[in-house]
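Undergrad: Numbering (the numbering used here), first residue to last: 1 to 493.
Quick one: the structure is below, and I'll ask about it shortly.
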C-alpha cells in the first residue's frame with residue numbers, strides 16, 4: 001500500500017522524449033545574463049541619444065518637425081514645470097489624454113523626466129470610464145492639449161501642453177543639471193497601462209524602467225529597431241504598442257512619424273507614410289526565458305499546446321493596487337518569477353513558438369486585447385431586465401453579444417455600452433433571446449447560439465476603425481482598384 005501511495009498520478013507521468021526535454025530546458029534556462037545596460041532609465045537613455053543627435057529629426061507630423069535637441073529642450077522645460085509648479089515627484093502617476101500629436105510625445109517624455117509614471121487615457125473612451133481610471137491611479141493632474149482641453153469637467157487640475165511650452169532661448173537652455181534632484185532607478189515605475197479585466201474591471205499593469213529598457217534593447221539586438229529606422233506611429237494610446245513606437249524609437253535614435261488625429265482613416269494620406277512589417281511570435285529574444293506548461297503545470301512535448309510563461313528581464317512589477325491579481329499572474333518556476341501570459345502556444349523541433357489561442361476568455365480583435373468578461377459585466381449593469389448574457393468573437397471579425405431578456409432592445413444596450421466601454425469593445429451585434437441554450441449540465445451551450453447575420457455589411461465611416469484583411473491593415477485606394485468596391489471595417493460603432 002505504501003508503494004502504491006508513492007506512485008505518481010496519471011497526469012504526472014511524462015511522455016516527453018529526451019531530445020524534447022533538452023529543448024524545453026534550453027527555452028526555460030536561456031542565458032539572460034548579459035552586460036548591464038549603459039543607462040537604467042528611459043530619461044537617461046533618451047538624453048544621451050538626444051545629445052548625440054542634436055540636429056537629427058526626432059519626430060515629425062505633416063509640415064512640423066522637431067530635432068532631438070529641440071525635443072529635449074521642450075521635455076526638460078515641461079518636466080521642470082511639472083515638478084516646480086505642480087509638485088510632481090517620483091512615485092506619482094500622471095494621466096495624459098491627448099490626440100496623436102507632437103504634444104503627445106512631449107508629454108510622455110516629460111512625465112518620465114520628472115520621475116513620475118505615465119498613464120495614457122484614450123480620448124475615445126467614455127467619460128465615466130476615464131473618471132474611474134483617473135481615480136484608481138490617484139493622479140492629481142491631467143495633461144491635455146487643445147483638442148482635449150474641454151473633455152473633462154471636474155476639479156482635478158488640467159495642464160494644456162501646447163500652452164505651457166515656449167521656444168525662447170531654446171538651444172541655450174538645455175541644462176539637465178536642473179533635474180538632478182529627480183531620483184529614479186531601474187526598478188522605478190515608468191508606465192501604468194490599463195488592460196481589459198476578466199473580472200469586469202480594468203486593471204493597471206505597472207512597467208518598470210528596467211522592463212522597458214531591456215525589451216527595447218532585446219528587439220534592437222535582433223535588428224527589429226535601430227537608429228536607421230523611421231517608424232510611423234499608428235497604434236492607439238490605449239494599446240501598449242504605442243510606447244514601443246514612440247519611446248522605443250526615441251531611445252534608439254530613430255525618427256518618429258506621427259499621423260494627425262484620425263489620419264489613419266485617410267488612406268491617401270496614410271499611404272505616403274506607411275511601410276508595414278509583420279513579426280511572428282518566433283523564438284526567444286535575448287534576455288528572456290519561457291516555459292510552456294499544461295493544465296497540471298507540467299512541461300508540454302513538441303507540438304502539444306500549453307500556456308506560455310515568460311521570465312527574464314521583461315517581467316513586470318505587478319498590477320497597481322491589485323496584489324491578488326499580481327499573485328495570480330506571477331508564478332515561481334524553479335526559483336524565478338515567470339509571467340503567465342494566458343496565451344496558448346506550441347513549439348516545433350527547432351524551438352520556434354506558434355500562437356494557438358487564449359486560455360481564458362480574452363480575445364484579440366483588430367490588434368486590441370479584450371476581456372469578454374468586462375463587456376458582459378457592462379451588459380448586466382445596463383438593466384435589471386438583462387438576466388444573463390454572453391459575448392463571443394465571431395469569424396475573427398466581430399464581437400456578438402447574446403442577451404437573455406424579455407424586455408430589452410438592441411439600441412438601448414448599444415447606447416449603454418458606448419457610454420461605458422471603449423469603442424473597440426462595443427459588440428457589433430446584439431442578439432436578444434428569451435432563453436440562452438444550455439447543455440445537460442446546465443451550462444451555456446455555445447454551439448447552439450444563434451448564428452449572427454452580417455449580410456448587412458456596408459461601408460462604415462468611423463475614425464476608430466481600420467479596414468482589414470487577415471494579413472493586417474490595407475490601403476483602401478489600392479484594394480478598391482483590384483478588389484470589391486465596398487470594404488467592410490467590422491466596426492460596431
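Ideal Cβ positions, reconstructed from N, Cα and C, are used throughout, including at glycine.
Being a predicted model, the structure only gives us computed values, none of them experimental.
(1) By the 10 Å Cβ neighbour count, where 16 or more other Cβ atoms means buried, how is residue 399 classified, buried or exposed?
(2) Flag this pair as yes or no: are the beta carbons of residue 114 and residue 79 separated by less than 7 Å?
(3) Distance check for residue 353 and residue 274, CA to CA, integer angstroms please.
(4) Give me whichever residues DSSP pairs with residue 117 in a beta bridge.
(5) Does the separation of the CB atoms of residue 391 and residue 403 fall below 7 Å?
(6) Can you list, in chain order, the residues of its chain whose CB lies under 8 Å from that of residue 344, leaving out five sequence neighbours each side?
(7) Within the segment 196-244, note down every full beta strand (DSSP E) run reaching 3 residues or more, in order along the chain.
(8) Assign residue 125 to buried or exposed, taking buried as 16 or more other Cβ atoms, counted over all protein chains shown, within 10 Å of its Cβ.
(9) When you compare each of 75, 212 and 227 to residue 162 by their alpha carbons, which one comes out closest?
(10) In chain order, what are the residue ranges of uninterrupted beta strand (DSSP E) at least 3 long that sit wholly in the segment 40-71?
(11) Using a Cβ distance threshold of 8 Å, determine whether the segment 288-301 contacts the segment 11-30, with at least three qualifying pairs required.
(12) Whole-angstrom Cβ separation of residue 122 and residue 422, contact assumed at under 8 Å?
(13) With contact counted as at least three CB pairs below 8 Å, one residue from each stretch, are the segment 102-114 and the segment 405-419 in contact?
(14) Work out the CA separation of residue 351 and residue 283 for me, nearest whole Å.
(15) Among 166, 288 and 312, which one has its Cα closest to the Cα of residue 72?
(16) According to the Cβ coordinates, are residue 287 and residue 313 closer than 7 Å?
(17) Compute the beta-carbon to beta-carbon distance between residue 319 and residue 204, rounded to the nearest angstrom, for a pair I have assumed lies under 8 Å.
(18) Can you list, in chain order, the residues of its chain whose CB lies under 6 Å from that of residue 212, leaving out five sequence neighbours each side?
(19) Using C-beta distances below 6 Å, list every residue in its chain close to residue 7, excluding the 5 sequence neighbours before and after it, in chain order.
(20) Please name the residue or residues paired with residue 401 in a DSSP beta bridge.
(21) State whether the segment 221-228 contacts the segment 245-264, with contact taken as three or more CB pairs (one from each stretch) at a distance under 8 Å.
(22) Figure out for me which residue from 407, 424 and 388 has the closest Cα to the Cα of residue 365.
(23) Output the boundary residues of the alpha helix (DSSP H) element that contains residue 440.
(24) Can you tell me which of the three DSSP states residue 22 falls into?
(25) Can you give the Cα-Cα distance for residue 338 and residue 311, rounded to whole angstroms?
(26) Where residue 461 and residue 164 are concerned, what is the direct C-alpha to C-alpha distance, given to the nearest angstrom?
(27) My guess is that residue 30 and residue 185 are in contact by the Cβ rule of under 8 Å, so how many angstroms apart are they, rounded?
(28) Quick one: residues in its chain with C-beta nearer than 7 Å to the C-beta of residue 484, no 5 flanking neighbours on either side, listed in chain order?
(29) Looking at the secondary structure, which residues open and close the beta strand (DSSP E) in which residue 336 lies?
(30) Suppose you measure from the CA of residue 438 to the CA of residue 231; what does that come to, to the nearest Å?
(31) Using 10 angstroms around the beta-carbon of residue 470, count the other beta-carbons present and answer buried if the total reaches 16, otherwise exposed.
(32) Could you give the first and the last residue of the continuous beta strand (DSSP E) run that contains residue 310?
(33) Considering only C-alpha positions, which residue in the set 182, 361 and 325 is nearest to residue 84?
(34) Report the three-state DSSP secondary structure of residue 162 (helix, strand or coil).
(35) Assuming residue 27 and residue 418 make a contact with CB atoms under 8 Å, what is their CB distance in whole Å?
(36) Where does residue 384 land, buried or exposed, given buried means 16+ other C-beta within 10 angstroms?
TA: Walking through what the data contain:
(1) buried
(2) yes
(3) Unreliable placement is indicated for residue 274, whose pLDDT of 48 sits below 50; no coordinate value is reported for it.
(4) 93
(5) no
(6) 305, 306, 307, 308, 355, 356, 357, 358 and 359
(7) 203-208 and 230-233
(8) buried
(9) 75
(10) 57-61 and 64-67
(11) yes
(12) 6 Å
(13) no
(14) 7 Å
(15) 166
(16) yes
(17) 6 Å
(18) 190
(19) none
(20) 391 and 430
(21) yes
(22) 424
(23) No alpha helix (DSSP H) contains residue 440, which DSSP labels as neither H nor E.
(24) helix
(25) 4 Å
(26) Its pLDDT being 42, under 50, residue 461 is placed unreliably in this model, and the value from its coordinates should be taken loosely. One C-alpha to the other measures close to 34 Å.
(27) Actually they are not in contact, since the Cβ atoms of residue 30 and residue 185 sit about 26 Å apart, beyond 8 Å.
(28) With a pLDDT of 47 at residue 484, under the threshold of 50, the modelled position of that residue is not reliable, and the figure given next carries that caveat. Cβ neighbours of residue 484 beyond the five flanking positions: none.
(29) 336-347
(30) 49 Å
(31) With a pLDDT of 32 at residue 470, under the threshold of 50, the modelled position of this residue cannot be trusted; read the value that follows with caution. Exposed is the call here.
(32) 306-312
(33) 182
(34) helix
(35) Between residue 418 and residue 27 the Cβ distance is about 44 Å, and since that is not below 8 Å, they are no contact.
(36) exposed
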